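Sequential numbering from 1141 applies to the sequence shown in the working numbering. By construction, the Cβ of each residue, glycine as well, lies at the ideal position given by its N, Cα and C atoms. Since the model is a prediction, treat every value here as computed from it, not as a measurement.
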Amino acid sequence: MVQEPHHLLQQKPQAVLFDWDNTLVDSWQLLHTVLNLTLKSYGMPEWSEEEVTARSHRSMREAFPHIFGDQWEEAGRKFHQIYQEVHLDYLQALPGAEAVLTELCRIGVYLSIVSNKTGKFLRKEVEVLGWGKYFDMVVGATDTPKDKPAIDMPTKALENLPHYEHSKVWLVGDTKIDLECASNFGCRAVLFGVSKYGHHEELLPMADGYIPDHANFLELLKGYA
């Protein structure tokens, strides 16, 4: 069953805004590899997988100045170069994700992606998986003036849904940034996934609901039929 807290998720949502990395696709190995190759090219120490997990949730334009200082834009170009070369080799949907998207579409829920991944890479990954048919809008980093946790992304993601109630919109993601974005926007914050480093336990108080995996998500959706 879906784990607590989930009492605010008992009503079918009008719209679901999904984070992308580690919510719909498994991205940690890719991010760990590309970031460390970038760090290495600048003579900087590599990060452990746990460090990457804990520190890599903000968009590049917000995170890289803290890592690379005045060289952050150049480092960003290096990261993008490496990422573009390898990201499709690592692309892997999380188990059950497509079944959840299919069911959400079947019951008439508006779907969008709100990701701090650079928009051009995000849309390419959606295209390669053949998932464009599920989403009314795909919003990535630099598609809006500000990235998550600002409200710009969810605002844009709902442009094709003229009338909605914030309480019937879910923002589903695996990080603190996602929960903060939902709170700032005024919609339901749904924490997704299981962190092997225990970070999710710290985030549960911020969430309106928690769904550990897509099998549980699908079980929840079947209750709306």
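Give the list of continuous beta strand (DSSP E) stretches no shorter than 3 residues that lie fully inside the stretch 1290-1333. 1309-1313, 1328-1332
Starting from Ala-1281, trace the beta strand (DSSP E) in both directions and tell me its first and last residue. 1277-1281
Note the first and the last residue of the continuous beta strand (DSSP E) segment covering Thr-1258. 1250-1258
May I have the straight-line CA-CA distance separating Gln-1165 from Glu-1299, to the nearest angstrom? Per the sequence shown, the amino acid found at residue 1165 is Val instead of Gln. When rounded, the distance between both Cα atoms is 24 Å.
Could you have a look at Asp-1161 and say whether DSSP puts it in helix, strand or coil? strand
Hey, Tyr-1350 and Leu-1331: beta-carbon distance below 8 Å or not? yes
What does the alpha-carbon distance come out to for the pair Leu-1241 and Leu-1344? 24 Å
Indicate whether Val-1278 and Val-1268 have their beta-carbon atoms separated by less than 8 Å. no
Near Gln-1169, what residues of its chain come up, given a Cβ to Cβ distance below 7 Å and the 5 sequence neighbours on each side ignored? Tyr-1230
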